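First up is the structure itself, then whatever we jot down about it.
Protein chains: 2
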Amino acid sequence: MGASKLDIYTPEINDMATIAKVFAHPARVAILQYISKQEGCICNDIVDEIGLSQPTISQHLKVINEAGLLKGNFVGKSICYCLNINRFQEFQELFNSFFNKTKSNCC
Amino acid sequence: MGASKLDIYTPEINDMATIAKVFAHPARVAILQYISKQEGCICNDIVDEIGLSQPTISQHLKVINEAGLLKGNFVGKSICYCLNINRFQEFQELFNSFFNKTKSNCC
DNA sequence: TTTTATCATCGTAATATTGCAATATTACAT
DNA sequence: ATGTAATATTGCAATATTACGATGATAAAA
Numbered sequence: 002m003g004a005s006k007l008d009i010y011t012p013e014i015n016d017m018a019t020i021a022k023v024f025a026h027p028a029r030v031a032i033l034q035y036i037s038k039q040e041g042c043i044c045n046d047i048v049d050e051i052g053l054s055q056p057t058i059s060q061h062l063k064v065i066n067e068a069g070l071l072k073g074n075f076v077g078k079s080i081c082y083c084l085n086i087n088r089f090q091e092f093q094e095l096f097n098s099f100f101n102k103t104k105s106n107c108c
Numbered sequence: 002m003g004a005s006k007l008d009i010y011t012p013e014i015n016d017m018a019t020i021a022k023v024f025a026h027p028a029r030v031a032i033l034q035y036i037s038k039q040e041g042c043i044c045n046d047i048v049d050e051i052g053l054s055q056p057t058i059s060q061h062l063k064v065i066n067e068a069g070l071l072k073g074n075f076v077g078k079s080i081c082y083c084l085n086i087n088r089f090q091e092f093q094e095l096f097n098s099f100f101n102k103t104k105s106n107c108c
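Encoded structure:
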């Protein structure tokens with residue numbers, strides 16, 4: 002096949018995988034890191050910074066946005082992309098919860 | 002294309018993405034969770050538990066193993082797969098470091 | 001109004017991932 | 001040695017992802 006069998010897992014497991022996917026591409030990690038460094042941010046800045054084409058960056062931003070990690074303020078013709086800190090924090094807590102639950106004594 | 006341009010990112014960013022990829026598939030999340038629940042664990046148990054074929058599970062285990070997250074003790078003809086807690090802890094710390102660095106004031 | 005700048009979407013090619021059947025390998029028991 | 005159980009590898013089909021050029025949409029500027 003090629004498609005993941007999502008229906009055989011618990012929602013928690015699927016959520017974890019979905020969240021991890023956001024960070025599973027270096028461009029998205031780089032974008033998140035870059036946005037966080039700026040006061041505000043414009044998509045074209047990201048294009049210059051990362052070195053991928055504008056459509057590709059836009060596509061990655063869409064993935065990040067669909068995960069709820071962005072807040073976009075429209076400023077004229079540009080868009081000021083910002084990190085949604087609350088959601089980001091939520092992700093961190095989910096990760097830590099998973100890590101802490103999974104760590105256990107074994108062998 | 003279809004291939005990620007790995008050479009344009011810092012090693013830290015690529016590492017982060019590589020680690021996240023391990024958790025970016027629900028089967029692997031489920032496998033990790035299951036292994037951590039057992040005292041030890043045998044591949045065939047995982048096959049029964051998760052509901053994917055033996056080759057598919059074996060393939061996912063390989064990905065997890067290549068990330069350094071497994072310790073395998075051969076027990077007779079079976080393999081006792083165990084979580085490499087140290088490495089797992091290391092992953093957690095890397096994630097937290099990334100999250101903490103990225104959280105910043107914006108907009 | 002026309003131009004220009006910025007960002008999104010569409011279409012498409014290249015590559016990666018997922019999943020399984022078939023087969024190979026490994027280790028033990030007989 | 002032979003058989004058997006457990007796991008790994010291979011090969012392949014289906015699907016997903018990545019990347020970019022071309023094209024749209026929108027809003028400020030000229």
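Chains as they are written, first to last, in the working numbering: chain A, 2 to 108; chain B, 2 to 108. Backbone N, C-alpha and C fix where the C-beta goes; we use that ideal spot for every residue, glycine too. Note that the coordinates shown come from a computational prediction; the quantities given were computed from them, not determined experimentally.
Which residue from the options puts its Cα closest to that of residue i?
| i | options | result |
| --- | --- | --- |
| Ile-70 of chain A | A:Val-48, A:Glu-40, A:Leu-33 and A:Ser-79 | Looking at the sequence shown, residue 70 of chain A is not Ile but Leu. Leu-70 of chain A has its Cα closest to that of A:Leu-33, out of A:Val-48, A:Glu-40, A:Leu-33 and A:Ser-79. |
| Gly-52 of chain B | A:Ala-4, A:Ile-9, A:Ile-58 and A:Phe-100 | A:Ile-9 |
| Ala-88 of chain A | B:Lys-104, B:Phe-96, B:Tyr-82 and B:Ser-98 | It should be noted that the sequence gives Arg, not Ala, for residue 88 of chain A. That would be B:Lys-104, whose Cα lies nearest to the Cα of Arg-88 of chain A. |
Please state the DSSP three-state secondary structure of residue i.
| i | result |
| --- | --- |
| Tyr-10 of chain B | coil |
| Leu-33 of chain A | helix |
| Ser-5 of chain A | coil |
| Ser-54 of chain B | coil |
| Leu-71 of chain B | strand |
| Ile-43 of chain B | coil |
Kindly list, in the order they appear in chain A, the residues whose Cβ is closer than 8 Å to that of residue i.
| i | result |
| --- | --- |
| Leu-7 of chain B | Pro-27 |
| Ala-18 of chain B | Phe-24, Ala-25, His-26, Pro-27, Arg-29 and Val-30 |
Quick one: what's got a C-beta closer than 8 Å to residue i's C-beta in the same chain, skipping five residues either side?
| i | result |
| --- | --- |
| Asn-85 of chain B | Gly-69, Leu-70, Leu-71 and Lys-72 |
Just the chain B side, please: which residues come within less than 7 Å of residue i by C-beta, in chain order?
| i | result |
| --- | --- |
| Ile-80 of chain A | What Ile-80 of chain A touches in chain B: nothing, since even the nearest Cβ is about 11 Å away. |
| Ala-21 of chain A | Ala-21, Phe-24 and Ala-25 |
Excluding the five sequence neighbours on either side, which residues of its own chain have a C-beta within less than 6 Å of the C-beta of residue i, listed in chain order?
| i | result |
| --- | --- |
| Ile-20 of chain B | Phe-92 |
| Ser-79 of chain A | Ile-43 |
Starting from residue i, find everything on chain A with Cβ-Cβ shorter than 9 Å and list it in chain order.
| i | result |
| --- | --- |
| Ile-43 of chain B | None at all; the shortest Cβ gap to chain A is about 12 Å. |
Looking only at its own chain, which residues have a Cβ that is under 7 Å from the Cβ of residue i, when we skip the five neighbours before and after it?
| i | result |
| --- | --- |
| Ile-47 of chain A | Ile-32, Tyr-35 and Ile-58 |
*Residues from the region 48-75 of chain B in contact with chain A, defined by Cβ distance under 9 Å*: The region 48-75 of chain B vs chain A, Cβ under 9 Å: Ile-51, Gly-52, Leu-53, Lys-72 and Asn-74.
*In chain order, what residues of the region 88-99 of chain A put their CB closer than 9 Å to some CB of chain B?*
Within the region 88-99 of chain A, those residues whose Cβ lies closer than 9 Å to any Cβ of chain B are, in chain order, Phe-89, Gln-90, Phe-92, Gln-93, Phe-96, Asn-97 and Phe-99.
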